[in-house]
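This report concerns only the one structure given below.
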C-alpha cells in the first residue's frame, strides 16, 4: 500500500465444515487479522464435531476423524474466536456461508456476532473483471499468492487475506473519479462490502495518471502506439533470439518455405502440422521482408485471434515496437454512449449494478474495448447486448474521441500487423474487397475456412426465443413507436412460426421493422435477414416434448473464397491438411483454380497420442428408428463409462442428444448435456470442473470447443457429420453445384464432412502430452464405397483400428494405460 494508510481492522475468516447444508458443523477455523494493509495476527484451530466425516470431506480437506477426536469442541474455543472478531469487519470468500455458520455456532454458545461483513468473491469480480473464474485457487494463481494446502482453514484464510490486500491495492491504483463513480452503485453489494471502497477513496489520486483519458465520469486507458518501428533482422534465427526464444528445426524449415514463397505471385498453400511454432514461422519472415506492406492474419476463431494478439503480438510490440491491432466486427466492442446512458438509470437489480461497477474498472484496463474480455456475464447477456456497438457514431457524441471501435478502425489503417478471424474476414470481403488489396493475407488454419464459408452462406434463428425476447422488450420499452414496431415484429414472427403467409413478403416486412428499431435489437434475426441472403424457409425441430420453429436464411453465391479476393493481394494459406481426397484438395474446395496455386508440404508426423477405433458390428444407421439409434448410443456410453475417463459424445442432431440424455437420466449415470444443462460454454466449464464424467454435445462442440485440461479423454462420434439431404438449402446447393459441372457429393459434401470430422478429432488434441481414444460409431466407413476415402484420410492423421464393439472397453483401457506407463518410464 502506498503512503501510510489507516483502515479498519478486518478479520479474514475461513471455515471447513462437515457439509454445506443447514446442519453443517464446523471442523476447522482459520482467522487472519489485517489492518492498514498488513497482517497483524493469525489464529487456527481444529474443532471436534462429534460425528464422522464423509469420504468427500476427507478427500477435499485432508482432515481425518482421528485428528478431530483430539481437537477441542467448539464451546471450548468460542470465546477466543469471538474476542478476535468482535471489533473487526468479518471478511470471507463467500461470506454468506462462513458468516452465517460461524455466527450460528457462536450464538449457541452465548456470543452474538453482529460485525459488518465483506465478501471477497464480489470484490474480486469487480476489481479483476476479466477473469473466467473467481474461486480462491484461481485468484491465488492469477495474483501469485501461495496456496499450498487448499481447503484447509488456515491456508485458505491466509490466501484470502493476501487477496483482500491485493484488492485494496487495486482500488488505490484507480483514479479517484472512477472510485467515486463505483460508490454510486456500491450500496447494492452484499452486506457491508461497500465500506472497503468507501474508506480508501481519500487515498486515491485526485489527478488523472498518465496513460488515461477521461470523458465525464468515465476513464479509459489510452491505446499504445509506437511512433517508429524497429527493423527486424534479415535472419530468422536472429529475430527468434531477439524475442528470447529457442530456435526449432521444424520451425526454421517452415520459415524458409515462407521466405522462399514471398516473390511468388500465386497463392501459396503450405501444409504444416501443429506444435512447430508456425505463428512466428510466418510472421517474422513476412515482417522482415515486407517493410512497407501491411500483414493481415486471419485466425480461425476469435479465441485464437485474441491468443495471437496477447502472445506473439505483444512480444513483437515489446521487442520491435511493432504496432499490432486486433480487428473484429463492431458488435464486439462497447459503445460508451450506451454505457453512459445505462449508468444514469436508477435500477434495483443488484447484479446489474455490480456489472456496471465491473465495467467501470475494466474500462481503465482494456486497450480494445472488446466485451469478450469480460468472461463472466452472470446471465446478463441482454444488458451486454444493449452496450454493443452498432457501427454508428454521431459527430456530436461526447465519447467520439475515446470510442474503442473508432480508435480501432483508425489504428487498423496504420498498424503493420493486423489480426482478425475467418468470420470477420469473409464478411468484410463480401462488403469491401479493398480491405485486403495490396496487402499480405495469411490464413492461419486454412482447413477451417470452408466451414466458415458454409456458416456465412447459412443462418438460422430460433423463433420461440425471439418471441420471448420481444415480450421482455415490450415490458421495458416506454415509447409508443418502439412498442408498435415490436408488436409488428411479433406478428410477423407468429406468421413464420405457424407457416402462414408469403415468406418473401414477411421477410420484407421484418427487414423494414428492424431498420427502424434500435440496432442492438435482435442481432440473431438481423443475421438471418441479412440483405446478402436470398433463400428463406422455416423448419421445426423436436426438443423433447416441445416443437421449436426456426427461420433459415441462405445464399448460394457466397461459397467461393477465390472470387472474393481482389487483385494485388498476396495470399498465404497455412493448413494442417491440404489433400482431402483423390478428387479434391483444400484449394479446390475454396474455389482456387489450379494455375493460381502453389503447394508446399512439410513432413507430417503421425499422431501417436490419438487412435480412432471403429466398431465393426454396429447396425446400419439408416435401418434404425430414431429411438433404436439413441439406445445403441446409450449402450456404447455405458460400456465406455466403465473406464472412468472423461467421455465426450458428439451428436449431429439435437433430438438424438436429448433422447440419449433421457436414457442416462433413468440409469442415474451423471452427465452434462448441451441445451439441457446450459449453453455449450457453460456445460464445458462444468465438465472441466469434474461435475460429471460424460458430456453430450452438438454444434460448436464439433469445431469450436477445445478440451485442454484433461490428460486423457475418450471421444465418441455418434455419426459422420453429413448434411441432411432433405434440407431445402442443400437441395438448392446441389442444383447449383451440378450447374457448375461438379458432383455435389464427391466434390463438396464428402470433403467437407472429412474436414469436420478432423476438426472433431482436434478438440481432444490440444497439447502434445494429451492422449485421446476416438470411437467412430458410423460403420458406413466400413461398408460404403466412399468409406475407403475416409479411412485413408483418418490414417494420415493417426492410427486406426477396427474391432468388435464388445472389445472396445478392454482395448481402449489397455491403450490409455500403456501410454501412461510409457510416460512414467520416460
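In the UniProt record's numbering, the protein residues as written are 1 to 826.
Built from N, CA and C at the ideal position, the CB exists for glycine as well.
The alpha helix (DSSP H) enclosing residue i, as first and last residue numbers
i           : result
residue 83  : 74–85
residue 319 : 314–320
residue 469 : 463–476
residue 742 : Neither: residue 742 is in no alpha helix (DSSP H) and is coded neither H nor E.
residue 402 : Residue 402 -> no alpha helix (DSSP H), and no H or E assigned at all.
residue 219 : Looking at the DSSP string, residue 219 is not in any alpha helix (DSSP H); the run it does join, the beta strand (DSSP E), is 218–221.
residue 239 : 236–242
In DSSP terms, what residue i is bridged to
i           : result
residue 613 : 775 and 801
residue 597 : 267
residue 325 : 418
residue 712 : 771
residue 535 : 554
residue 683 : Answer by DSSP bridge pairing: none, since residue 683 is not bridged.
residue 90  : 11 and 117
residue 95  : In the DSSP output, where bridge partners are listed per residue, residue 95 has none listed.
residue 829 : Since the first residue shown for the chain is 1 and the last is 826, residue 829 is missing from the structure and cannot be characterised.
residue 579 : 585
residue 205 : 175
Residue range of the beta strand (DSSP E) that includes residue i
i           : result
residue 44  : 38–46
residue 780 : Not the beta strand (DSSP E): residue 780 falls in the alpha helix (DSSP H), residues 780–783.
residue 552 : 546–554
residue 34  : 26–35
residue 570 : 570–575
residue 296 : 295–299
residue 363 : Run containing residue 363: none in the beta strand (DSSP E); it sits in the alpha helix (DSSP H), 350–363.
residue 441 : 440–443
Three-state class that DSSP yields for residue i in the structure shown
i           : result
residue 117 : strand
residue 141 : helix
residue 806 : helix
residue 695 : strand
residue 825 : Confidence at residue 825 is low in this model, with a pLDDT of 48, below 50, so the placement of that residue is unreliable and no value is reported for it.
residue 192 : coil
residue 757 : helix
residue 330 : helix
residue 211 : coil
residue 112 : coil
residue 19  : coil
residue 865 : Coverage of the chain is limited to positions 1 through 826, which leaves residue 865 absent and any answer about it impossible.
residue 673 : strand
residue 542 : strand
residue 175 : strand
residue 63  : coil
residue 660 : helix
residue 483 : helix
residue 411 : helix
residue 160 : helix
residue 811 : helix
residue 526 : helix
Inter-residue CB distance, residue i and residue j (contact presumed, cutoff 8 Å)
i           : j           : result
residue 402 : residue 177 : At roughly 14 Å, the Cβ-Cβ gap does not stay under 8 Å, so residue 402 and residue 177 are not in contact.
residue 44  : residue 153 : 6 Å
residue 743 : residue 797 : Not quite, the Cβ-Cβ distance comes to about 25 Å (not below 8 Å), so this is no contact.
residue 754 : residue 581 : 7 Å
Which listed residue (the options) has its alpha carbon closest to that of residue i
i           : options               : result
residue 656 : 593, 626, 22 and 351  : 626
residue 710 : 514, 769 and 132      : 769
residue 464 : 540, 517, 413 and 404 : 540
residue 601 : 268, 499, 11 and 284  : 268
residue 417 : 316, 817, 548 and 244 : 316
residue 707 : 646, 599 and 726      : 646
residue 443 : 34, 152, 596 and 301  : 301
residue 569 : 632, 266 and 391      : 266
residue 264 : 477, 523 and 598      : 598
residue 120 : 576, 421, 490 and 140 : 140
residue 138 : 93, 46 and 473        : 93
residue 257 : 227, 603 and 693      : 603
residue 252 : 277, 229 and 244      : 277
residue 212 : 792, 492 and 366      : 366
residue 50  : 514, 17 and 39        : 17
Near the ligand ATP: residue i beta-carbon under 7 Å from a heavy atom
i           : result
residue 353 : Looking at this structure, you won't find the ligand ATP or any other ligand, since it has none at all.
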